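So the sequences go chain by chain: A and B.
Counting in numbering that gives the first Met the number 0, the first sequence runs from 0 upward without gaps.
Counting in numbering that gives the first Met the number 0, the second sequence runs from 0 upward without gaps.
We treat Cβ as the ideally placed atom computed from N, Cα and C, and that holds for glycine.
As the structure is a prediction and not an experimental result, all values here were calculated from the model.
See structure below.
Protein chains: 2
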Amino acid sequence: MPKKYIDLDTLKYILYDVRKLEDLLTRERFEDHDMESLDLFIESAKEFSDRELYPYLKEMDETPAHHKDGTVMVHKQVDVMMKKGGELGIISASFDYDAGGMQIPFMAHQAAVYIMDAANNHLPGYVGLTQGAAELIIEFGNKTLNETYVPNMLSGAWGGTMCLTEPQAGSSLSDIVTKATPTTDGFYKISGQKIFISGGDHQYADNIVHLVLARIEGAPQGTKGISLFVVPKNRPKADGTLEYNDVMTVADFQKMGQRGYCTTHLGFGDTDDCRGWLVGDENKGLAQMFLMMNAARIAVGRGAAAITMAAYRTSLQYANERPQGRKLTSTGKKNLTEKQSLIIEHPDVRRMLLLQKSIAEGSLSLVLLASKYHDIIHASSDKEEKEKYNLLLEMVIPIVKTFPSEAGSVSVNNGLQVLGGYGFCTDFTLQQYYRDIRISALYEGTTGIQSQDLLGRKVTLQNGKALELLAAEMMQTITQASQHPELAPYAKELASTLKLSQEILQKLMPFAMKGDYERYLSDANLFMEYMSLVVLSWLWLEMGVNAKETLASGDLKYDLNFYESKIHTMKFYFKYELPKTSSLATSLMSDEVLTIKQDKEYIL
Amino acid sequence: MPKKYIDLDTLKYILYDVRKLEDLLTRERFEDHDMESLDLFIESAKEFSDRELYPYLKEMDETPAHHKDGTVMVHKQVDVMMKKGGELGIISASFDYDAGGMQIPFMAHQAAVYIMDAANNHLPGYVGLTQGAAELIIEFGNKTLNETYVPNMLSGAWGGTMCLTEPQAGSSLSDIVTKATPTTDGFYKISGQKIFISGGDHQYADNIVHLVLARIEGAPQGTKGISLFVVPKNRPKADGTLEYNDVMTVADFQKMGQRGYCTTHLGFGDTDDCRGWLVGDENKGLAQMFLMMNAARIAVGRGAAAITMAAYRTSLQYANERPQGRKLTSTGKKNLTEKQSLIIEHPDVRRMLLLQKSIAEGSLSLVLLASKYHDIIHASSDKEEKEKYNLLLEMVIPIVKTFPSEAGSVSVNNGLQVLGGYGFCTDFTLQQYYRDIRISALYEGTTGIQSQDLLGRKVTLQNGKALELLAAEMMQTITQASQHPELAPYAKELASTLKLSQEILQKLMPFAMKGDYERYLSDANLFMEYMSLVVLSWLWLEMGVNAKETLASGDLKYDLNFYESKIHTMKFYFKYELPKTSSLATSLMSDEVLTIKQDKEYIL
């Protein structure tokens, strides 16, 4: 196994120096923390990952979770992840003190889990979903629900899930049919099927607490008639013992990747004895669930960014060790008396490595940006500030979910290619990362759904205010960069690409205004690609400015090459990736309509 | 399992109507064949694939080839593939009569094997390599070698392989060290290790005939000192029985995909009793091996094109059956009283399907184009014509190898996405196609190597004559298309992209001329992408012209929608794919040099 699955210097550089974690600590919410304690928290996550997560990465792929005798059998490290994760505060660290948390900045928490994702992406989901489920109970549940469930979840003794998807509905939540029948005993009878439930059951949990979307009999049609319920696998009785709650584990989906992270099919109320407890008000379930959705989508992006990083580090190590071929001489031939070059010396290999580096580090920067917005929203008492960062967060969420997933897949693909034939062999982890990361573009809303969200909802939010705010953030970096002669050309390029995005919207908006939403959204996916390139170029320019100014200051935490490599990678992104916006613009602004179904079927 | 893994109508349309197989039959070499007999040959391949290949696709993935007791255990269908493949003439069909073949056009043969690849890509390689190995013996071996080995290979009783790669050398064939020591008994003693040997051993072959590159003691350095040997696993004795030839099966590489097709590690001469027989002249081994390389590279492209097609058909069937979500109404909301739409009705799903269709059918057209060039070269007695098609074939070979592999991967990725979460589950074959096709960009020279071949060797061939010839072919189609008002704008676009490729070369050539080959070739990979887009757009324009003219003629073999769908897909390719050339051109013509190693290392 390679020595390094992440570059801790780069993580700390982006978190501390670029994203400026310390700035948050002046806020009341975080006043008990200092940089030293947060650094310790991150180091402890690294130490835990080195010891308990990374060594089992391959094993978890080779011995997948599977259904057996009515439960799901998972790898023993799931137990370690849950219990030690609970101990380390990985489940509760960012929660309020009075909810049992430590009020550490979400950014620092995300950085810690990012390390774990990079070490072994099959494991952190178990605690992540438990955290999300607990947060829903804390936020919307009554005192009894809180007391009954939350402590055991935060300690990692009980797992938690979010149950949205049903076989007949998929992403179309309006079509949820799981039924909740009121009783006079304070609970509802639940019946229905849920599929693709991550962490839905395993032999190490005494209990799993499912947060289930269901429809109370007689509720309005569509998403307005969906309520949220706590439905435990085993219901706690008055004496503290557990009683089976008629939640059946029907199956565990076998997957191409992330095979250690179980994906279950659950049946509720097969013998009409499944009880659910309403969380918050009737028919508010979807809105409540979606309050957690932003964090869930950041988590998907974070996981993908981490796999991308691990794959990059692995292929980089290989490229630095493997000799093959020779440099071309000025006659176009090779000098065979020379010993073979390391493959990192070949331009095409360097191109693949720089592509990976730009995507891996850029994705990390993006994930931490969204996390910082999340922190400001939760720490601010200023209504206007809260509103501003809320809009900024809403704007970037679909991109944070999508870019690391999609570009990350491309990046890992290049990492695999760096290893040549060995990349395809199971002796090396590149092929596993390639399989593992592929689920990210499907989790928590596919790329298609994120793209519709971006163009259909976020761009139009408050008449375009969210987009304006984001553009203003970018302009600030552009202005800064323009003051450095070396960076000014890149700043100019980004500005013109940003301007072109406005022209694209001016071309598309009239379709929405005249009610032709299908046409307006038909190329939403391309618009997502366009905006992702713009945002990532912005974040690289921001990193370039930071590196440049640090170099000028002479106050270097890392060596010279470290900062220069950031500027170099920024240039790479601008040379090889940003230009893709021009072709996307051509396609987006074309008047040809080819993907909207007409009377005849042309797809044969 | 889905009903259709290929669309036979499209295959026949491209082979018969676009690529005009019948035109070949006027040539002497093919005079015994008519369209009916060739159609029968193709139908028999389909029938065989339906019955013996496709039903085992999933099983072969789930029970991979593996090393056991000194041999490799493979799925029982390998036996069927070899023996029935031999019977059906799949191994020998395109060979000369006097080599035991049927002299059928290579194009028709490739079309037949394409069907088999689409049905089950784990199997045709076994016969393909046997065919290649036999061809080398037929072409360069003496009478004894021919008589001793070829008949058993053509019948499928014995397998064949090509042994190039060694652990320390990888793609760098100059570094081959496998040793051949002359004896006075007419053979050489062989010793060395070969890795990544496809079809290198299995329990169903009485014998495997390895075609091995090795270095005779004292031979010149580099590729000029490599000779070709026949090294059987078991050597035939005078009495016809077989004797073990000290070829040890060391291991079988376990892979992410194409797991039913074994990839072996072989050790030659562990007990100093491995005999090899020289094929042709000393030190000519690499040139001889490369005579087969064009066919091998077409085969890789063909296999990738076939997997792409199978994945497309599978996702198309799913999209036509799966209801989910609803069309947006003019208020931007959905009408919940409507029943759910089929997902094929959503523009984003249609985009993914059309992308797949354009890549799958375009790749097929490309593979058959190269095959036709191959046929003309072999059937022509006109020196000038031979020379022309030789250059055209050389020009397109790296693209035929690369485009179906790289774009095919992207295409299958989109197919998987069409199925949403199910695409990632092992119950569906999309995830398998996604894994299987990934090897194509590595086989027989990676994409990096093909790109160097394209820009470094093919573009400069005879002072650019090969590229000129290809451009002339394109111009012919452009002229034709310009005469149809509906197609003229596309013709114009292709012409200007072709022109831009010249400007790119004018920008790059001076680097080569002043001996800076590293700079000249540093972005060869992007040039490959550029030229692939140009060539594919050309082939789609050609298909558009054919469909248009067929519609005008009124003489339709298929229904109206069939032809209109070809024109529609052509338009799709021009709207969504061809524009990518403009960003590639920007990157290619940039003066920034970022991927050539300087004194400092920036990739950290």
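Own chain, CB closer than 8 Å to residue 288 of chain A, minus 5 neighbours either side, in chain order:
Residue 288 of chain A sits at position 289 when you count from the first residue of the first sequence. Hits under 8 Å: 135, 161, 163, 210, 212, 227.
Do you know how far the Cα of residue 154 of chain B is from the Cα of residue 432 of chain B?
Residue mapping note: residue 432 of chain B aligns to position 433 of the second sequence, counting from 1. Residue mapping note: residue 154 of chain B aligns to position 155 of the second sequence, counting from 1. Each residue's alpha carbon lies about 30 Å from the other.
Does any residue of chain B bring its CB to less than 9 Å from the CB of residue 401 of chain A?
Mapped onto the first sequence, residue 401 of chain A falls at position 402. No, residue 401 of chain A does not count as interfacial toward chain B.
Does the beta carbon of residue 431 of chain A fall short of 8 Å from some heavy atom of the ligand SAH?
Among the ligands in the structure shown, none appear at all, so the ligand SAH cannot be discussed.
Under a three-way DSSP split, which group does residue 288 of chain A fall into?
As a working mapping, residue 288 of chain A is identified with position 289 in the first sequence. Helix.
Answer yes or no: does any C-beta atom of chain A fall closer than 9 Å to that of residue 1 of chain B?
Position 2 of the second sequence holds residue 1 of chain B. For residue 1 of chain B, the predicted model reports a pLDDT of 49, less than 50, meaning its position is unreliable and no value from the coordinates is stated.
Who are the neighbours of residue 16 of chain A on chain B, taking C-beta pairs under 7 Å?
In the first sequence, the residue the question calls residue 16 of chain A occupies position 17. Near residue 16 of chain A there are no residues of chain B at all, since even the closest Cβ is about 16 Å away, more than 7 Å.
Apply the 10 Å Cβ neighbour rule to residue 0 of chain B and answer buried if 16 or more other Cβ atoms are within range, or exposed otherwise.
Reading the second sequence from its first residue, position 1 is the one you call residue 0 of chain B. Low per-residue confidence applies at residue 0 of chain B: pLDDT is 48, beneath 50, and the placement is therefore not dependable, though the value from the model is reported in the following sentence. So residue 0 of chain B counts as exposed.
Proximity to residue 229 of chain A [Cα-Cα], best of A:239, A:244, A:222
One-based indexing of the first sequence puts residue 229 of chain A at position 230. Between residue 229 of chain A and the set A:239, A:244, A:222, the nearest pair of CA atoms involves A:244.
Closest by CA to residue 184 of chain B, which one among B:277, B:397, B:284?
Here residue 184 of chain B refers to the residue found at position 185 of the second sequence. Measuring from the Cα of residue 184 of chain B, the nearest candidate turns out to be B:277.
Can you tell me which of B:328, B:425, B:445 puts its alpha carbon nearest to the alpha carbon of residue 421 of chain A?
What you label residue 421 of chain A is simply residue 422 of the first sequence in a count that begins at 1. Among B:328, B:425, B:445, the Cα nearest to that of residue 421 of chain A belongs to B:445.
What are the complete alpha helix (DSSP H) segments, minimum 4 residues, inside the segment 1-37 of chain A?
Within the segment 1-37 of chain A, the complete alpha helix (DSSP H) segments of 4 residues or longer fall at 7-11, 20-23, listed in chain order.
Residues of chain B with CB closer than 8 Å to the CB of residue 560 of chain A, please, in chain order.
In the first sequence, counting from the first residue as 1, residue 560 of chain A sits at position 561. Near residue 560 of chain A (Cβ distances below 8 Å), the residues of chain B are 599, 600, 601, 603.
With DSSP run on the structure shown, which of helix, strand or coil describes residue 265 of chain B?
The count along the second sequence starts at 1 and reaches residue 265 of chain B at position 266. Three-state result, residue 265 of chain B: strand.
Under a Cβ-count criterion, where at least 16 other Cβ atoms within 10 Å of its own Cβ denotes burial, should residue 49 of chain B be classed as buried or exposed?
Within the second sequence, residue 49 of chain B is the residue found at index 50, counting from 1. Under this definition residue 49 of chain B is an exposed residue.
Assigned secondary structure, residue 190 of chain A (DSSP; H/G/I helix, E/B strand, else coil):
Position 191 of the first sequence holds residue 190 of chain A. Three-state result, residue 190 of chain A: strand.
Are the segment 574-585 of chain B and the segment 579-594 of chain A in contact at 8 Å, needing three or more beta carbon pairs?
Touching, yes.
Residue 530 of chain B versus B:512, B:490, B:466, residue with shortest Cα-Cα distance
Working through the second sequence from its first residue, we reach residue 530 of chain B at position 531. Among B:512, B:490, B:466, the Cα nearest to that of residue 530 of chain B belongs to B:466.
Sort out for me which residues DSSP pairs residue 424 of chain A with in a bridge.
As a first step, residue 424 of chain A must be located in the first sequence, where it is residue number 425. Under the DSSP definition of a beta bridge, residue 424 of chain A partners with B:254.
With 9 Å as the threshold, decide whether the Cβ of residue 5 of chain B is near any Cβ in chain A.
Walking along the second sequence from the start, residue 5 of chain B turns up at place 6. With a threshold of 9 Å between beta carbons, residue 5 of chain B makes no contact with chain A.
Assuming residue 83 of chain A contacts residue 42 of chain A under a Cβ cut-off of 8 Å, what Cβ separation, rounded to an integer in Å, is found between them?
Walking along the first sequence from the start, residue 83 of chain A turns up at place 84. Walking along the first sequence from the start, residue 42 of chain A turns up at place 43. Rounded to whole angstroms, the Cβ separation of residue 83 of chain A and residue 42 of chain A is 15 Å, and the two are not in contact under 8 Å.
Chain-ordered residues of the segment 335-360 of chain A with a beta carbon less than 7 Å from chain B:
Correct list: 335, 339, 343, 344, 346, 347, 349, 350, 352, 353, 356.
Since residue 221 of chain A and residue 173 of chain A should fall inside the 8 Å C-beta cutoff, what is the C-beta to C-beta distance between them, to a whole number of angstroms?
One-based indexing of the first sequence puts residue 221 of chain A at position 222. One-based indexing of the first sequence puts residue 173 of chain A at position 174. Confirmed, Cβ separation roughly 4 Å.
Just to make sure I have the definition right: I need the residues of chain A whose C-beta is within less than 8 Å of the C-beta of residue 526 of chain B. Which are they?
Residue mapping note: residue 526 of chain B aligns to position 527 of the second sequence, counting from 1. Close partners of residue 526 of chain B in chain A (Cβ separation under 8 Å) are lacking, with about 11 Å as the shortest Cβ gap.
How far does the beta strand (DSSP E) with residue 53 of chain B in it extend, from its first residue to its last?
The residue labelled residue 53 of chain B in the question sits at position 54 within the second sequence. In the DSSP assignment, residue 53 of chain B falls outside any beta strand (DSSP E), carrying neither H nor E.
Quick one: what does DSSP say residue 604 of chain B is sitting in, helix, strand or coil?
Nothing can be reported for residue 604 of chain B: it is not among the residues displayed for chain B, which extend from 0 to 603.
Whose C-alpha, out of A:532, A:77, A:207, A:435, is nearest the C-alpha of residue 247 of chain A?
Counted from its first residue, the first sequence places residue 247 of chain A at position 248. That would be A:207, whose Cα lies nearest to the Cα of residue 247 of chain A.
Measuring CB atoms only, is the segment 192-199 of chain A touching the segment 262-269 of chain A, in the sense that at least three cross pairs come out at less than 8 Å?
Because the criterion of three Cβ pairs below 8 Å is met, the segment 192-199 of chain A and the segment 262-269 of chain A touch.
Close Cβ partners of residue 457 of chain A (< 7 Å) along its chain, the five nearest in sequence each way excluded
What you label residue 457 of chain A is simply residue 458 of the first sequence in a count that begins at 1. The beta carbon of residue 457 of chain A is closer than 7 Å to those of 393, 394, 397, 465 in its chain, skipping five residues each way along the sequence.
Buried/exposed call for residue 176 of chain A, threshold 16 Cβ in 10 Å
Position 177 of the first sequence holds residue 176 of chain A. Burial state of residue 176 of chain A is exposed, judged by a 10 Å Cβ sphere holding fewer than 16 other Cβ atoms.
Residues of the segment 446-459 of chain A with Cβ closer than 8 Å to any Cβ of chain B, in chain order
Contact residues of the segment 446-459 of chain A toward chain B are 446, 447, 450, 451, 455 (C-beta to C-beta distance below 8 Å).
Under 6 Å Cβ to Cβ from residue 648 of chain A, same chain only, skipping five residues before and after it: list those, please.
Limits of chain A in this structure are 0 at one end and 603 at the other, which puts residue 648 of chain A out of reach.
Does the beta carbon of residue 580 of chain A come closer than 9 Å to any beta carbon on chain B?
Position 581 of the first sequence holds residue 580 of chain A. For residue 580 of chain A, the answer is yes, since a Cβ of chain B falls inside 9 Å of its Cβ.
At a CB-CB cut-off below 9 Å, which residues of chain B make contact with residue 416 of chain A?
By one-based count along the first sequence, residue 416 of chain A stands at place 417. Those within 9 Å of residue 416 of chain A in chain B are 440, 441, 445, 446, 447.
Using a Cβ cut-off of 9 Å, which residues of the segment 116-141 of chain A contact any Cβ in chain B, in chain order?
Result list empty, no residue passes.
Residue 102 of chain B to residue 284 of chain B, Cα distance in whole Å?
For this step, residue 102 of chain B is matched to residue 103 along the second sequence. For this step, residue 284 of chain B is matched to residue 285 along the second sequence. Separation of residue 102 of chain B and residue 284 of chain B (C-alpha to C-alpha, rounded to the nearest whole angstrom) is 26 Å.
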